[in-house]
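Student: Numbering (the numbering used here), first residue to last: 276 to 668.
#1: Look at the alpha carbon of residue 443 and the alpha carbon of residue 584, and state the distance between them as a whole number of angstroms.
#2: Inspect the beta-carbon positions of residue 385 and residue 466 and report whether they are closer than 8 Å.
#3: Between which two residues does the alpha helix (DSSP H) carrying residue 305 extend?
#4: Rounded to whole angstroms, how far is the Cβ of residue 474 from the Cβ of residue 383, which I believe are closer than 8 Å?
#5: Give me the DSSP bridge partner(s) of residue 411.
#6: Which whole runs of the beta strand (DSSP E) in the segment 350 to 385 are 3 residues long or more, in chain order?
#7: Would you kindly check if the distance between the Cβ of residue 516 and the Cβ of residue 588 is under 8 Å?
#8: Please classify residue 459 as buried or exposed, where buried requires at least 16 neighbouring CB atoms within 10 angstroms.
#9: Could you name each continuous beta strand (DSSP E) segment of 3 residues or more that falls completely within the segment 490 to 518, going from the start of the chain to the end?
#10: What three-state label does DSSP hand residue 422 in the structure shown?
#11: Assuming residue 415 and residue 388 are in contact, meaning their beta carbons sit under 8 Å apart, how far apart are those beta carbons, in whole angstroms?
#12: Looking at residue 359 and residue 233, is the spacing between their C-beta atoms short of 8 Å?
#13: Have a look at residue 495 and residue 648 and give me their C-alpha separation to the nearest angstrom.
#14: Among the residues of its own chain, which have a CB less than 8 Å from the CB of residue 614, if the five just before and after it don't count?
#15: Is the CB-CB distance between residue 288 and residue 378 below 8 Å?
#16: Return helix, strand or coil for residue 540, following the three-state DSSP convention.
#17: Less than 7 Å separating the Cβ of residue 418 from some heavy atom of the ligand HEM?
#18: Compare the Cα-Cα distances from residue 670 to each of 590, 597, 544 and report the closest residue.
#19: Please report the straight-line C-alpha distance between residue 283 and residue 301, rounded to a whole angstrom.
#20: Whole angstroms is fine: what's the gap from residue 640's alpha carbon to residue 375's?
#21: Rounding to the nearest angstrom, what Cα-Cα distance links residue 409 and residue 448 in this structure?
#22: Residue 462 lies in the beta strand (DSSP E); which residues open and close that run?
#23: Does residue 286 pass the burial test, meaning 16 or more other C-beta atoms within 10 Å, or should it be called exposed?
#24: From the DSSP output, which residues share a beta bridge with residue 604?
#25: In whole angstroms, give me the CA-to-CA distance for residue 500 and residue 492.
#26: Report the rounded CA-to-CA distance for residue 381 versus residue 429, giving the unit in angstroms.
#27: Can you give me the start and stop residues for the beta strand (DSSP E) that residue 562 sits inside?
#28: If you draw a straight line from the alpha carbon of residue 357 to that of residue 565, how long is it in whole angstroms?
#29: How far does the beta strand (DSSP E) with residue 553 in it extend, from its first residue to its last?
#30: Looking at residue 577: is its Cβ nearer than 8 Å to the Cβ of residue 537?
#31: Whole angstroms is fine: what's the gap from residue 309's alpha carbon to residue 651's?
#32: Report the CB separation of residue 523 from residue 279 in whole angstroms; it is logged as a contact under 8 Å.
#33: With distances taken from CA atoms, which of 348, 365, 349 is nearest residue 323?
#34: Since residue 635 is in the alpha helix (DSSP H), which residue starts that stretch and which ends it?
#35: How would you call residue 297, buried or exposed, if buried means at least 16 neighbouring beta carbons within 10 angstroms?
#36: Please list, in chain order, all residues of the same chain as residue 306 whose beta carbon is under 8 Å from its beta carbon, the five residues on each side excluded.
Written as structure tokens, this is what we have:
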């Protein structure tokens, strides 16, 4: 079985491009060109140089000594929190801005939940001198104020999404509406492995630098390329797709996807798509989606702004349906406790999204000789207000 996208844009039964007629030319232009352009030696050279000199790659693979001792296994952290802008998101925006420029686009739009993708998009637009408009849910604008300020400093216009739950799903709706209205000069940088084909595949390819580095770094540190477990949090799932990419066809590597259970999977306040989702279409792709009996999208909830998406990317839906990945749901309480624990045990303050992944250490038993790689996808600066309120710091 293949875990990568097929030529029609599907992962198993998931994926495709379910788009309004108005968007067909944009998406088709991208589909016909993305592989060709990204394979060009000039593109590769520029992409690699920016990842090295601007983003700061390769990011370290850090052996977490105290965690390893406590859990009696070998725990390595992939330090995406050390990327410029504070998260893995910039790997993808660098790739997509280079693509947009080669397609002759002059205006960039994006959606953002936690604000990390918005910041990463605003960053590359400043770098390349392009106009930038970021759509963000009104609720997320309030809870991620530092990132909103960063986007504005970088020259982006932040437009609030005022409909629905006023979070990531609604920001995406607004961005798609903008794209329909401005098809000629505008490029839509999607921040996760969601949306119509070719976006899920394209974003996964740009993020695959994460697993490529993990293999090289493990070979150096442990004498073997493959870990026993790779663990990452999944909202839409771009950091996870990047961390899993080069291990998908390695059956010896256990893939663990961590979702946000919010106040509990059955609480009605959750974003655990694998448990609660049914097959449906959202934002141009067929995937697992939280929806009511009559097919209305139900509102997701998570304390982390980056995980409260009502679906998952089609790659992850396929990994779940084919049982290639094990999905685990982690509550707000568990994630917040781990945010504090990782800070105190390793001197690393994680993004709340990333903190969910660490809670797996309490949920599963690992062997002493196991190599467990956890993707620390972002740092916690953006979440300090949430941590302050939660723990009364």
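Every residue gets a Cβ at the ideal spot worked out from N, C-alpha and C, and that includes glycine.
Nothing here was measured: the structure is a model prediction, and the numbers come from that model.
Tutor: Here's the rundown:
#1: When rounded, the distance between both Cα atoms is 6 Å.
#2: Going by beta carbons, residue 385 and residue 466 fall inside the 8 Å limit.
#3: DSSP places residue 305 in the uninterrupted alpha helix (DSSP H) bounded by 299 to 314.
#4: The pair is not a contact, with the Cβ atoms about 15 Å apart (cut-off 8 Å).
#5: DSSP lists 387, 435 as partners of residue 411.
#6: Here no run is fully enclosed.
#7: Yes, Cβ-Cβ distance for residue 588 and residue 516 is below 8 Å.
#8: Taking every protein chain shown into account, the CB of residue 459 has fewer than 16 other CB atoms within 10 angstroms, so this residue is exposed.
#9: If we require 3 residues or more, the beta strand (DSSP E) runs fully inside the segment 490 to 518 come out as 504 to 508.
#10: Helix.
#11: Taking 8 Å as the upper bound for CB-CB distance, residue 415 and residue 388 are in contact here, some 6 Å apart.
#12: Outside the displayed span of the chain (276 to 668) sits residue 233, for which this structure offers no information.
#13: Roughly 15 Å separates the two Cα atoms.
#14: These residues qualify, in order along the chain: 624, 625, 627, 630, 655, 658, 662.
#15: No.
#16: Residue state, collapsed to three classes: coil.
#17: For the ligand HEM, the structure offers nothing, since it holds no ligand at all.
#18: Nothing about residue 670 can be reported from this structure: the residues present for the chain run from 276 to 668 only.
#19: Spanning the two alpha carbons is a distance of roughly 17 Å.
#20: Roughly 45 Å between the two C-alpha positions.
#21: Cα to Cα, residue 409 sits roughly 12 Å from residue 448.
#22: In the DSSP assignment, residue 462 falls within the beta strand (DSSP E) that extends over 461 to 464.
#23: Answer is buried; the Cβ neighbour count reaches 16.
#24: Listed as beta-bridge partners of residue 604 by DSSP are 534.
#25: Using only the alpha carbons, I get a separation of about 8 Å.
#26: Cα to Cα, residue 381 sits roughly 17 Å from residue 429.
#27: Annotation for residue 562: the continuous beta strand (DSSP E) segment containing it runs 560 to 564.
#28: Approximately 33 Å between the Cα atoms of the pair.
#29: Start and end: 553 to 557.
#30: Cβ distance < 8 Å, so residue 577 and residue 537 count as in contact.
#31: So the two alpha carbons sit approximately 28 Å from each other.
#32: 7 Å between Cβ atoms; contact.
#33: Among 348, 365, 349, the Cα nearest to that of residue 323 is on 365.
#34: From DSSP, the alpha helix (DSSP H) with residue 635 extends over 635 to 638.
#35: Residue burial is scored here from C-beta neighbours: residue 297 has fewer than 16 other C-beta atoms within 10 angstroms and is therefore classed as exposed.
#36: Closer than 8 Å at Cβ, skipping near neighbours: 284, 292, 472, 473.
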